[in-house]
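Trainee:
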Amino acid sequence: MGENNLTNFFSEYIKQESIFKQKSALQNNFLPNEITHRDEQIMNVAKILAPVLKGNKPSNLFVYGKTGTGKTLTIRHITENLMKTAETQKIPLKVIYMNCKMGKVADTEYRLIATLAREFGQEIPITGLPTDEIYSIFFRCVERAEKSVFIIMDEIDSIIGKIGDEILYNLTRINSELKKSQITIIGISNDLVFTDNLDPRVKSSLSEEEVVYPPYNAFQLQNILRERSTIAFREDAIEPGVIEKCAALSAREHGDARRAIELLRVAGELAEREQSKKIQLSHLDLADDKIEKDRVLDTILKQPKQYHVVVYSILKLTKNSESVMTGEVYDLYKNVCNSVNLRPLTQRRVSDVISELDVLGVINAKVTSKGRYGRTREITTEVGPEILDEAWKAVSEELGL
DNA sequence: AGTCCACAGGAAGGGCAGGCGA
DNA sequence: TCGCCTGCCCTTCCTGTGGACT
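Residue 1380, in our numbering, is where the first sequence stops; the numbers in between run on with no holes.
What follows is the structure in structure tokens.
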């Protein structure tokens, strides 16, 4: 492309009206004014938390629901409103939001409590203090603040899985020693059976109240998408039927609104890149593929090198035949390892790698018996051919083959 | 009915990194 | 800062097994 062409392209690009009016409305940290189809949950949570406005301690609360059911969104919505009211009424309230999945912030007991204490302006060394000390520092901070404190622990299942439930026990116990302040814990979890694995003492004190968020159905997703799209897109930027199809595609999975919104955003981006004036049904299909492709590629590339060799071997073998067996994969795997100077893992381990890849949804591996010819896994690749191609290219390149 | 293939997948332990308490 | 502990990856060794073949 010559220089003039390029200049033309850029000036044309500026002139071209964007499909988007406010793209941030489709970003996942967007906080809409109105939340659709969650009235019941919002009212329940609001009733549980409201006593704080009269100086009483609200019950601890647990919120369950699969991803994209509006848990984080509604809790943020409610607490923000609560804060406003508390401010005008001069009620001392502090809300701390923590996402427990964020590494380095809240992935150990020490860090988590330290993060909480820092919220009160307390300086805490990154390491070095005994955990007891951290607790008492935190305790003093809270007591000095003379406030009602809400601690929102999002994705709480992920830390409890990692560091155990003792931390929750300690946090709830602190409460009985506080005189001028009080702590209310709001746990948010994707895992519906999460509390079953908790220590009974923790369980009873923590899930004093529970609110469950069911998945959205296709109809509800449509409404949500409509609402967001009127903010996000120019008028008439969407062909009829697009919203309906987008909702249907996502409802088919498990009513994940986050995914539905992402799908619409990616479709919009693709439409814009094609310089199309409207989002069409075909853009949705492309977006669906793109998201899946990115997901698969992402998960593959995130794995260590050994896994790449296994994936490489599987992809190479499945080019010629529908399905392959563990043994074939392992033979090729060993050869490939030799040619890229990598010490091969044992078959036992590769067998585990294969089943891990299966769990990740990169491949399909089913144990079958071939009778006289043994028992093995039948490995197939279920994702589309163009995804395989990209994966193949990425992995080959990475291995230098 | 019995054999036997080609693995699956459990158990135990080695070795290593990274975090923890002192 | 250093040893200790823990969790993770991996190996070794092992037993288990569905069904085509004899």
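From the three backbone atoms N, C-alpha and C, an ideal C-beta is built for every residue, glycine too.
Determine contact between the stretch 991-1000 and the stretch 1121-1138, defined as no fewer than three beta-carbon pairs at a distance below 8 Å.
Mentor: no
Trainee: With distances taken from CA atoms, which of Thr1151, Glu1335 and Asn1169 is nearest Thr1163?
Mentor: Thr1151
Trainee: So within the stretch 1271-1351, which uninterrupted beta strand (DSSP E) runs reach at least 3 residues, ignoring any that extend past its ends?
Mentor: Within the stretch 1271-1351, the complete beta strand (DSSP E) runs of at least 3 residues are 1343-1348.
Trainee: For Ser1115, count neighbouring C-beta atoms within 10 Å of its own C-beta (all shown protein chains included) and say buried if the count is 16 or more, exposed if not.
Mentor: exposed
Trainee: Over what stretch of residues does the alpha helix (DSSP H) that includes Ser1183 continue unbroken?
Mentor: Pro1179 to Leu1185
Trainee: Quick test of your reading: Ala1370 and Val1308, contact by CB under 8 Å. State the CB separation rounded to the nearest angstrom.
Mentor: Actually they do not touch by this definition, with Cβ atoms about 15 Å apart.
Trainee: Since Val1374 and Ile1279 should fall inside the 8 Å C-beta cutoff, what is the C-beta to C-beta distance between them, to a whole number of angstroms?
Mentor: 7 Å
Trainee: Kindly give me the distance between the Cβ atoms of Gln1199 and His1016, rounded to whole angstroms, as I take these residues to be in contact under 8 Å.
Mentor: About 4 Å; that satisfies the 8 Å criterion.
Trainee: Starting from Gly1247, follow the alpha helix (DSSP H) in both directions and report where the run begins and ends.
Mentor: Ala1236 to Arg1252
Trainee: State the start and end residues of the unbroken alpha helix (DSSP H) segment that holds Leu1204.
Mentor: Ala1197 to Ala1211
Trainee: With DSSP as the reference, label Glu1377 as helix, strand or coil.
Mentor: helix
Trainee: Pairs of beta-carbons, one from the stretch 1338-1353 and one from the stretch 1320-1329, closer than 8 Å: are there three or more?
Mentor: no
Trainee: Hey, could you find the ends of the alpha helix (DSSP H) Ile1054 is sitting in?
Mentor: Lys1050 to Thr1067
Trainee: Please report the residue range of the beta strand (DSSP E) in which Leu1072 lies.
Mentor: Leu1072 to Asn1078
Trainee: Cα-Cα, which of Glu1376, Asp1337 and Pro1179 is closest to Val1275?
Mentor: Asp1337
Trainee: Quick one: what's Phe1129 bridged to in DSSP?
Mentor: Val1074 and Thr1163
Trainee: Using CA atoms only, rank isn't needed, just tell me which of Val1362, Asp1264 and Gly1350 is closest to Gly1247.
Mentor: It is Asp1264 whose Cα lies nearest to the Cα of Gly1247.
Trainee: Are the stretch 1062-1079 and the stretch 1209-1229 in contact at 8 Å, needing three or more beta carbon pairs?
Mentor: Segment contact: the stretch 1062-1079 against the stretch 1209-1229, fewer than three CB-CB distances shorter than 8 Å; contact not assigned.
Trainee: Just to confirm my understanding: we take Asn1023, look at its own chain, exclude 5 residues before and 5 after, and list those with CB closer than 6 Å. What are they?
Mentor: Contacts found: Val1190.
Trainee: So for Ile1113, helix, strand or coil by DSSP?
Mentor: The answer is helix: DSSP assigns Ile1113 an H, G or I state.
Trainee: Return the first residue and the last residue of the alpha helix (DSSP H) that Val1221 is part of.
Mentor: Val1221 to Glu1232
Trainee: Would DSSP call Phe1099 helix, strand or coil?
Mentor: Residue state, collapsed to three classes: coil.
Trainee: So the alpha helix (DSSP H) Val1190 belongs to, where does it begin and stop?
Mentor: Premise fails: Val1190 lies in the beta strand (DSSP E), Glu1188 to Tyr1192, not in any alpha helix (DSSP H).
Trainee: Using 9 Å as the threshold, is the C-beta distance between Glu1241 and Ile1270 below it?
Mentor: yes
Trainee: Select from His1233, Asp1268, Asp1368 and Glu1232 the residue whose C-alpha is nearest the C-alpha of Ile1293.
Mentor: Asp1368
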